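Novice: Okay, handing you the structure first.
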Amino acid sequence: MVRGARNEGGRLFGALSRLMAMPLHALAADVLPSWNEGPVKQAIIDFVTRATTKGGAGFVPPEARIATFDNDGTLWPEQPLVQGAFMLKPLRTRVKQDSSLAKRQPFKAILEGDLSELSTMDKSKLMKVLGVTHAGMTEEAFIREVRAFFQHARHPRWNVPYNQLAYAPMLELLRYLRANGFQTWLASAGGIDFMRVISEETYGIPPQQVIGSQLKKTFDDAHAPSVLRREARVAHVNDKAGKPVGIDEHIGRRPVFAAGNVRSGGDIQMLQYTRKRPRPGFALLIHHDDAAREFAYEEKDGASLKAAREGGWAVVSMQRDWRRIFDETRARTGNGRG
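This note's numbering numbers the first residue of the sequence shown as 334 and each following residue consecutively.
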């Protein structure tokens, strides 16, 4: 009896010793439950642990904990391009005023419902299309139009509002970073005013922390109340080399964490900008390789994956690394829950 008690006490002491030796983040509840266990998930947790451990070599002061995220294809699907779908209705209205637009690309493709062309279009051209459809519109009118779109439009595959298709693993990552003192920013090639309407309710990112492509605006005080009006001219294209420029102009600090995706090579420079610091930051690249639950596609030149290999970025396989892709209450694929 005494011997059994001693053995039991020894086992308990050993278990307690092992428990005390574990890092604190391992003792807590799973902070990224939609992520499968593996090197990518562990690399994220290890980086955040180092960044928040005072006195450690990887410690990042709270004021420098800046995380930037691309939007299309990184936080929600980019097939079809959401802002392209939004532009369909105003473009049809514009064509009624100028029928010649229906014969020109990319207007012709958009009107025919070929939104795939928008997904691969150079973002400067996309912004020019937005200039054609929304030149002269006030800020208030534009916001109303965007809100109406998200209220009524549905994704053609899942038949739910577009902003209900935010990736569950990325929402968890955003919350995890914020819980550890990081500022989370959108840094997307999409229109800045378009994203600002839904960024807070969708991602928990306030509008003042959104960076994007934008048209020039003018202040109109001819009538009360005064308003801001859009012009047809492009002010900034927040894509490729334009992303680090936009980040610097809006934040004034180099990010220590950045996430983008494989599609057009548009996030390479932002991820390189994050990695090249006195202390290398964390670069995360989303690879769309899950046709059953989302989509599967590659870049023709493989530029993003090549840059990831050369830069030591963490590459997410949606198929292997994500336990689920969407919130189970929001979207379903033909093969079951996303």
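A virtual CB, placed ideally from N, CA and C, is assigned to each residue, including glycine.
All values reported here derive from a predicted model rather than from experimental measurement.
Between the Cα of residue 519 and those of 408, 620, 635 and 425, spot the shortest distance and give me the residue it belongs to.
Specialist: Residue 519 has its Cα closest to that of 408, out of 408, 620, 635 and 425.
Novice: Hey, residue 531 and residue 483: beta-carbon distance below 8 angstroms or not?
Specialist: Yes. Within cutoff.
Novice: In the DSSP assignment, what residue or residues form a beta bridge with residue 378?
Specialist: For residue 378, which the question treats as bridged, DSSP gives no partner whatsoever.
Novice: Would you report the Cα separation of residue 685 and residue 625, rounded to the nearest angstrom?
Specialist: Because the chain spans 334 through 671 in this model, residue 685 falls outside it and cannot be assessed.
Novice: Since residue 603 contacts residue 576 with CB under 8 angstroms, what's their CB separation in whole angstroms?
Specialist: Going by Cβ atoms, the distance from residue 603 to residue 576 rounds to 4 angstroms, so yes, they are a contact pair.
Novice: What's the gap between the Cα of residue 392 and the Cα of residue 380?
Specialist: Between residue 392 and residue 380, the C-alpha separation is close to 9 angstroms.
Novice: Just how far apart, CA to CA, sit residue 633 and residue 536?
Specialist: The straight-line gap from Cα to Cα measures roughly 30 angstroms.
Novice: Write down every uninterrupted run of the beta strand (DSSP E) in the region 494-560 whose length is 3 residues or greater and which is fully enclosed by it, in chain order.
Specialist: Within the region 494-560, the complete beta strand (DSSP E) runs of at least 3 residues are 516-524 and 543-553.
Novice: Quick one: Cα of residue 424 to Cα of residue 645, how far?
Specialist: Rounded to the nearest angstrom, the two C-alpha atoms are 43 angstroms apart.
Novice: Rounded to whole angstroms, what's the CA-CA distance from residue 555 to residue 472? Just pull it up for me.
Specialist: So the two alpha carbons sit approximately 15 angstroms from each other.
Novice: What did DSSP end up calling residue 486 once you bin it into helix, strand or coil?
Specialist: Residue state, collapsed to three classes: coil.
Novice: So which of 428, 459, 370 and 430 has the shortest CA-CA distance to residue 545?
Specialist: Checking every option, the nearest Cα to that of residue 545 belongs to 459.
Novice: Less than 8 angstroms between the beta carbons of residue 658 and residue 500, yes or no?
Specialist: Cβ atoms of residue 658 and residue 500: closer than 8 angstroms.
Novice: Suppose you measure from the CA of residue 413 to the CA of residue 524; what does that come to, to the nearest Å?
Specialist: Distance between the alpha carbons of residue 413 and residue 524 is about 15 angstroms.
Novice: In the DSSP output, which residue or residues are listed as bridge partners for residue 593?
Specialist: DSSP output for residue 593 lists 618 as bridge partner(s).
Novice: Can you tell me where the alpha helix (DSSP H) holding residue 641 begins and where it ends?
Specialist: Run containing residue 641: 636-644, per the alpha helix (DSSP H) assignment.
Novice: Quick check: residue 578 and residue 457, are their CB atoms within less than 8 angstroms of each other?
Specialist: For residue 578 and residue 457, no; Cβs fall outside 8 angstroms.
Novice: Can you name, in chain order, every residue of its own chain whose Cβ lies under 7 angstroms from the Cβ of residue 347, other than the five neighbours on each side?
Specialist: In this prediction, residue 347 has a pLDDT of 49, which is less than 50 and means its spatial position is unreliable; what the coordinates show is noted afterwards. Around residue 347: no qualifying Cβ.
Novice: Quick check: the Cα distance between residue 365 and residue 486, rounded to an integer number of angstroms?
Specialist: The straight-line gap from Cα to Cα measures roughly 30 angstroms.
Novice: Evaluate residue 547 with the Cβ neighbour count: other Cβ atoms within 10 Å of its Cβ, from every protein chain shown; 16 or more gives buried, anything less gives exposed.
Specialist: That one is buried.
Novice: Give me, in chain order, the residues of the same chain whose beta-carbon lies closer than 7 angstroms to that of residue 416; leave out the 5 immediate sequence neighbours on both sides.
Specialist: Cβ within range, chain order: 523, 524 and 527.
Novice: Please look up how many angstroms separate the CB atoms of residue 411 and residue 529, rounded, as I've assumed it's under 8 angstroms.
Specialist: About 18 angstroms separates the two Cβ atoms, so there is no contact after all.
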